[in-house]
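Numbering (the numbering used here), first residue to last: 78 to 704. This report concerns only the one structure given below.
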Amino acid sequence: MYVVGTAGHVDHGKSTLVKALTGIDPDRLSEEKEREMTIDLGFAWVTLPGGESIGIVDVPGHRDFIENMLAGVGGIDAALFVVAADEGVMPQTREHLAILDLLEVNGGIVALTKTDLVDDPDWLELVTLDVAETLEGTVLEDAPIIPVSARNREGLDRLLEALSRCLAGRSPRPDKGLPRLPIDRVFTLSGFGTVVTGTLTDGTLAVGQTVEVQPGGLTSRIRGLQTHKQKLEQATPGSRVAVNLVGLSKTELQRGQIVTKPGWLRPTLMADVQYHHLPESETPLRHNMEVKLFSGSAEETARTRVLGQESIQPGESGWLQLRLSRPLALVKGDRFILRRPSPGQTLGGGTIVDPAPRRRHRRFRPGVIERLETSAGGTPAEIFLLALEARGPLTVREAAKQTGLSEGELTPLAAAMIESGQVVPMGGKGPTQVLQAQSRWSQLANAAVAELRAFHLANPLRPGMAREELKSKLRLNPREFAGFIRQSSTEGLLVDERVFVRLPDHQIRFTQEEQASVDRLLRSFRADPYGTPSYKECVGAVGENVLAVLLERGDLVQVSPEVLFLAEVVRSAEKEIRAFVTRRGSITVGQARDLFHSSRKYVLGLLEYLDQQGVTRREGDVRVVVD
């Protein structure tokens, strides 16, 4: 699932366009409706031509509310960039574009709105060329420009098709096993209690799961999950999610906090960052300057500590240590924006390199910048995880070769990452322990469940899929497959029946008509236990697939190509033969025929079957019991 965010100047028709596309009015506040202006974030959703549902975050365009806009665009997959055809590029058009650039939003679509207000084709062409020129060198440089009118609905189908193409083929958000839901809205529902919403990243959330809210260290449990007003048992990365939390009041929560799994995310008052100062900024970024930091849905005032140079000039990049006025829950790799508090202006942005530095850096101390550059290149944990995602599963020894890290470094690192849920163990110990990245494991597990679900649906009378078939479907080598089966069985993802595998909830169920035919066949077996219908007659009675089920689950036993018995009859016959041989020392085919009042065909098949099972052994014309 993907999330698209609007962006663009005030009164260029963002909310009107969203309502026309989705049928949902994203302006939910009475003040927004009275002023006909978006003030806070709005949310909607729409189904694309390919059938996929996407979420839409509608943001304010007015410069007075641009900080609310920043809370909405941090987790989007693509931008729906809006420019009014009757006005063209305006100040907030450029500022919103700069923000999308700083956040490295992965492309999007440009909607040239209000085309119904433009009668002159030359003007429309001029505006289109101006927009294209403005987009040059930005993340939207290659974005298609689609003329639309929300009023008469012209171009809306083309816009949705363009969105579909823009998102097509993108890899799903990775599941790192460390879910983060940056809260962008908090409210209460009668009968349910407190609900928070946000865009889920880095992991999954499930109903009944214990969660932690940071900053604050609040603990709760998930009572319910929804996406687009549809109830879920589990929410996946990239989803717009509403989470019903148990035991927390609305007053305890606020925008900018993060819902996550307990024990790993720690708030910080300092962060080392790599920063780019916008060319349009009016002044350099100076040391000890007061700024506002925006990351995810959070904002907080901070002081800049410029490292390695006196200041950062417009258009230049550098290193900062930010000292926050209050703790924020940040993670390495998060994107951020800095703004001047008053008068409000976007200054620049960049990447969190170290969310929790141990000390305040000396600004011009040798080695500080070098260490930051190394850290930006990846920590041992990140290098290890990257190797697993690219080449896994790997043993610790193999990972050491791939990463350049020593086995001594990797062994405790692997243990810690297993504990945190970033890495999944797949058998072995020490240097030969096989490990897989949680993101790849989740993809593999989801693929296996999908394959088995489809197989069960297509083959309701078969107990499961052959192990070799599943291995082939998943494109795993024998070692990878063995580890996957071992771990997925341990987690209860599937049931390993040695020859085949199945989903835990799979059961063979006959139709009413099939069950009736089975009952008739089994009655005929009970009516003459040693003069049973032939294999061909059984197939004619119930069909080959149903008969295969009766044989696989042990209702019937096939003792020869043509002879079948009830399983309980075979067990009873074995006891009688054992008793007969105990009295007489051996048994012949003729004696067995008389014992069971049957014919040679049936008893010969029975005796040969018992020979194969190691119950009896043929010695000339007689059989004896094997001790």
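Cβ atoms here follow ideal geometry from the backbone N, Cα and C, with glycine treated the same way.
- Nearest to residue 371 by alpha-carbon distance, out of 125, 413 and 237, is 413.
- Going by C-alpha positions, residue 389 is about 8 Å away from residue 383.
- Annotation for residue 384: the continuous beta strand (DSSP E) segment containing it runs 375-384.
- For residue 259, no alpha helix (DSSP H) run applies; the uninterrupted beta strand (DSSP E) run containing it begins and ends at 257-259, by DSSP.
- One thing to note: residue 180 has its Cβ within 8 Å of the Cβ of residue 150.
- A direct Cα-Cα distance of roughly 10 Å separates residue 662 from residue 656.
- The beta carbons of residue 598 and residue 625 sit no closer together than 8 Å.
- Using a Cβ distance threshold of 8 Å, residue 282 and residue 256 count as a contacting pair.
- With a cutoff of 8 Å on beta-carbon distance, residue 166 and residue 190 are scored as not near each other.
- The Cβ atoms of residue 358 and residue 404 do not sit closer than 8 Å to each other.
- For residue 396, the three-state secondary structure derived from DSSP is strand.
- In this structure, residue 244 sits near residue 79, with a CB-CB distance shorter than 8 Å.
- Ranked by Cα distance from residue 511, the first of 555, 682, 613 and 526 is 555.
- Cβ-Cβ distances below 7 Å link residue 423 to 172, 175, 176, 355, 414 and 416 in the same chain, with the five nearest sequence neighbours on each side left out; the list follows chain order.
- In the three-state scheme derived from DSSP, where H, G and I count as helix and E and B as strand, residue 494 is classed as helix.
- Uninterrupted alpha helix (DSSP H) stretches at least 4 residues long and entirely within the region 165-189 occur at 168-179, given in chain order.
- Our two residues, residue 437 and residue 385, have alpha carbons roughly 14 Å apart in a direct line.
- The beta carbon of residue 133 is closer than 8 Å to those of 80, 81, 82, 83, 95, 98, 99, 103, 120, 121, 122, 123 and 157 in its chain, skipping five residues each way along the sequence.
- Close CB contacts of residue 411 within its chain, under the 8 Å cut and outside five residues either way in sequence, are with 372, 373, 428, 429 and 432 (chain order).
- Residue 341 carries a coil assignment under DSSP once its states are collapsed to helix, strand and coil.
- With contacts defined by Cβ atoms closer than 8 Å, residue 162 and residue 195 form a contacting pair.
- For residue 416, there is no enclosing alpha helix (DSSP H); the residue is part of the beta strand (DSSP E) that begins and ends at 412-417.
- The three-state reading of DSSP puts residue 354 in strand, counting E and B together.
- Counting along the chain, residue 516 sits inside no beta strand (DSSP E); it lies in the alpha helix (DSSP H) bounded by residues 515-535.
- Counting only the Cα atoms, residue 570 lies some 8 Å from residue 522.
- Counted as a single uninterrupted DSSP element, the beta strand (DSSP E) harbouring residue 155 occupies residues 155-161.
- Excluding residues up to 5 positions away in sequence, 122, 130, 132 and 317 lie with their Cβ nearer than 8 Å to the Cβ of residue 305 in the same chain.
- Listed in chain order, the beta strand (DSSP E) runs fully inside the region 574-617 are 577-579, counting runs of at least 3 residues.
- Every beta strand (DSSP E) stretch that sits fully inside the region 624-656 and reaches 3 residues is listed by chain position as 633-635 and 641-643.
- At the C-beta level, residue 654 and residue 681 stay beyond 8 Å of one another.
- With fewer than 16 other Cβ atoms from the protein chains shown falling within 10 Å of its own Cβ, residue 210 counts as exposed.
- Residues 501, 502 and 512 of the same chain have their beta carbon placed closer than 8 Å to that of residue 495, with the five preceding and five following residues left out of the count.
- If you draw a straight line from the Cα of residue 535 to the Cα of residue 679, it comes to about 36 Å.
- Of the other Cβ atoms in all chains shown, fewer than 16 fall within 10 Å of the Cβ of residue 492; this residue is therefore exposed.
- By the beta-carbon neighbour count (other beta carbons within 10 angstroms, threshold 16), residue 251 is buried.
- Within the DSSP bridge table, the entry for residue 371 names 376 and 414 as partners.
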